[in-house]
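One point on numbering: in the working numbering, the residue at position 19 of the sequence shown is 33, and numbering is uninterrupted.
Cβ coordinates follow ideal geometry from the N, Cα and C atoms, glycine included.
These numbers come from a predicted model, not from an experiment.
Single-structure report; data block below.
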Amino acid sequence: MNKRIINEYSSYKKYMNNSSIESINYIPPIQIKEEYILNLYNIKNIEDIENIFLENDIINIYNLERLLNCWIIYNLSTLKKDISPLIYILTKYNEVYKFTKYLTQNEIKSFVKKWIHNKNINNFEFNLIKDYYIYFQLEL
């Protein structure tokens with residue numbers, strides 16, 4: 015009996031150390047359309063995203079990222095044709111958070127082109143800010 019409990023605990027411990035558990039905490043597995051989430055926060059355009067994303071100190075960063083990503087998913091077809099809103103948001107994001115590494119407009123534009131080209135609305139991993147940090151190895 016004790017051996018079985020130890021084996022079960024061992025399996026449980028391996029599972030609990032899995033990084034996917036952490037990601038589930040930040041991205042709840044529910045089916046809510048992006049437009050409903052955006053309406054909840056009254057986000058209709060790029061200015062609304064800028065206001066809530068760059069000037070808000072109440073909502074935690076994970077929720078802000080989720081809102082930005084919802085907005086991107088909702089507007090993906092438009093953003094694939096015109097990436098300037100994403101470049102604008104990331105440029106403003108750089109100004110607000112003042113990273114140790116300075117990024118030029120061309121670097122940001124190059125990243126956004128590559129990033130948006132590989133995305134579709136069915137991607138589960140859809141996080142512009144996280145990918146941005148990883149791509150440029152950014153630190154505050």
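Do you know whose CA, among the options, lies nearest residue i's CA?
i, options, result
"isoleucine 63", "Lys112, Asn89, Ile46", "Asn89"
"lysine 133", "Ile97, Tyr76, Ile51", "Ile97"
Taking the beta carbon of residue i as the centre, do at least 16 other beta carbons fall within 10 Å, making it buried, or is it exposed?
i, result
"valine 126", "buried"
"phenylalanine 140", "buried"
"isoleucine 148", "exposed"
"asparagine 74", "exposed"
"tyrosine 146", "buried"
"asparagine 83", "buried"
Taking the CB atoms as reference points, tell me whether residue i and residue j lie closer together than 8 angstroms.
i, j, result
"tyrosine 55", "isoleucine 66", "yes"
"tryptophan 129", "leucine 117", "no"
"lysine 115", "leucine 78", "no"
"isoleucine 87", "isoleucine 135", "yes"
"isoleucine 57", "leucine 81", "yes"
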